[in-house]
Amino acid sequence: FYDLRYDQPITLTNFDIELTPHCAGHLIGGSFWKIQKETDKLIYAVDYNHGKERHLNPSKITMIERPSLMITDAYNALRQNSKRKTRDIQLFKTIQEAVH
């Protein structure tokens with residue numbers, strides 16, 4: 449295992465494949481992955497958020513240029529997000545409950 453930072457590529461030399469984790473913007477520490485071999489670029493992003501939240505940076509998925517293949521999901525495609533104020537209240541409530 450290797451500890452990686454966001455945007456830090458690692459090369460699997462036996463296979464000549466480069467892996468790069470990027471911030472998914474969905475969970476603390478969550479990543480989507482860019483996997484590249486020669487000119488083929490694959491994006492594996494099954495859980496990401498491209499909107500900015502107060503406690504997380506947005507994903508950089510829109511910065512990836514035309515991958516050969518993108519693997520994603522549609523689990524939350526029809527989900528209606530609550531208003532930011534409502535989400536903030538719930539976040540602070542959860543934090544308060546955790547520290548008390």
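Here the numbering used here is used: position 34 in the sequence shown is 482, and no number is missing along the way.
Every residue gets a Cβ at the ideal spot worked out from N, C-alpha and C, and that includes glycine.
Three-state class that DSSP yields for residue i in the structure shown
i, result
"Phe540", "helix"
"Thr397", "Given a span of 449 to 548 for the chain in the structure shown, any question on residue 397 remains unanswerable."
"Thr520", "strand"
"Glu501", "coil"
"Ala546", "helix"
"Thr487", "coil"
Residue i versus residue j - alpha carbon distance
i, j, result
"Lys500", "Leu452", "23 angstroms"
"Pro515", "Lys541", "40 angstroms"
"Asp536", "Asn462", "46 angstroms"
"Asn529", "Thr510", "20 angstroms"
"Gln538", "Ser507", "22 angstroms"
"Gly477", "Tyr450", "15 angstroms"
"Trp481", "Tyr454", "10 angstroms"
"Ile543", "Ala472", "22 angstroms"
"Ile458", "Thr468", "6 angstroms"
"Glu486", "Gln456", "18 angstroms"
"His503", "Glu545", "18 angstroms"
Cβ-Cβ distance between residue i and residue j below 7 angstroms
i, j, result
"Asn505", "His474", "no"
"Gln484", "Glu513", "no"
Test: residue i CB closer than 7 angstroms to a CB of chain B
i, result
"Phe480", "Absent here is chain B; the protein component of the structure consists of one chain."
Under 8 angstroms: do the segment 480-497 and the segment 516-523 share three or more Cβ pairs, one atom per stretch? yes
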